[in-house]
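This report refers to the structure that appears directly beneath it.
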């Protein structure tokens with residue numbers, strides 16, 4: 229009887245050890261998959277043709293913002309983006325990607341205007357102009373919106389012939405479509421959509437965003453927080 233009980237106890241111990249090993253192995257594989265997914269996201273977030281509002285020398289920390297030009301959220305968060313660029317100037321690369329949605333009929337047109345201005349080195353200027361004046365063109369008919377964007381191009385002293393060509397170019401449309409597809413791959417559905425070093429950030433306050441960037445900066449230097 230004792231030998232039988234000892235045998236049962238041994239079976240229980242072996243089963244427990246095996247289950248622990250299996251769980252550990254599964255957790256290890258899950259962790260590895262997470263790391264692989266994280267390291268692979270950069271190709272969807274920062275394409276060679278992605279617009280950089282600011283570049284850091286090392287480029288080790290990146291902040292990517294997907295923008296729907298006609299979204300009130302994108303317009304309202306413009307001061308936040310400017311504040312972040314000032315606070316982290318020279319230390320963080322800030323990237324803007326387009327993500328116009330079907331609920332905003334002029335958002336794609338606005339993205340085309342920004343891209344057309346970008347061909348003449350005025351991406352930032354047109355981006356901020358359109359977001360700041362959003363209430364004046366959102367919801368208007370296409371002809372009115374496009375005429376307004378063209379007036380903005382004139383005020384920025386752009387070559388209007390080159391602007392018109394870029395605005396209507398299939399390459400511009402393809403660039404915007406590519407941004408949308410990358411955003412969808414990253415799970416973007418609505419604004420805001422921020423990514424710090426490939427990780428989606430869902431902030432409630434400005435400090436949430438700034439802290440996420442601080443964490444990444446400290447991690448790159450392998451230093452504990454705070455490391456400023």
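Residue numbers (my numbering): 229 to 456. No residue lacks a Cβ here, since even glycine has one placed at the ideal position from N, Cα and C.
Asked: Compare the C-alpha of residue 318 against each of 291, 387, 402 and name the closest.; Found: 291
Asked: Taking Cβ positions, are residue 309 and residue 360 nearer each other than 8 Å?; Found: no
Asked: Where does residue 305 fall in DSSP's three states?; Found: coil
Asked: By DSSP, does residue 356 sit in helix, in strand, or in coil?; Found: helix
Asked: In terms of residues, what are the limits of the alpha helix (DSSP H) holding residue 443?; Found: 434-448
Asked: In the DSSP assignment, find the unbroken beta strand (DSSP E) run with residue 294 in it and report its ends.; Found: 290-295
Asked: With DSSP as the reference, identify every bridge partner of residue 321, one or two as the case may be.; Found: 290
Asked: Please give the ranges of any alpha helix (DSSP H) in the region 337-408, keeping only runs that are unbroken, at least 4 residues long and fully inside the region.; Found: 351-360, 362-365, 370-383, 388-395
Asked: Leaving out five residues before and five after residue 439 in sequence, what residues of the same chain have Cβ atoms less than 7 Å from its Cβ?; Found: none
Asked: Mapping the DSSP letters down to three states, classify residue 272 as helix, strand or coil.; Found: helix
Asked: Compute the Euclidean distance between the alpha carbons of residue 341 and residue 377, then round it to the nearest angstrom.; Found: 7 Å
Asked: Classify residue 370 as buried or exposed, calling it buried when 16 or more other Cβ atoms lie within 10 Å of its own Cβ.; Found: exposed
Asked: Have a look at the DSSP bridge pairing and note the partners of residue 428.; Found: 423
Asked: Using the Cβ count rule (16 or more neighbours within 10 Å means buried), how would you classify residue 367?; Found: exposed
Asked: Start and end of the beta strand (DSSP E) containing residue 279?; Found: 279-282
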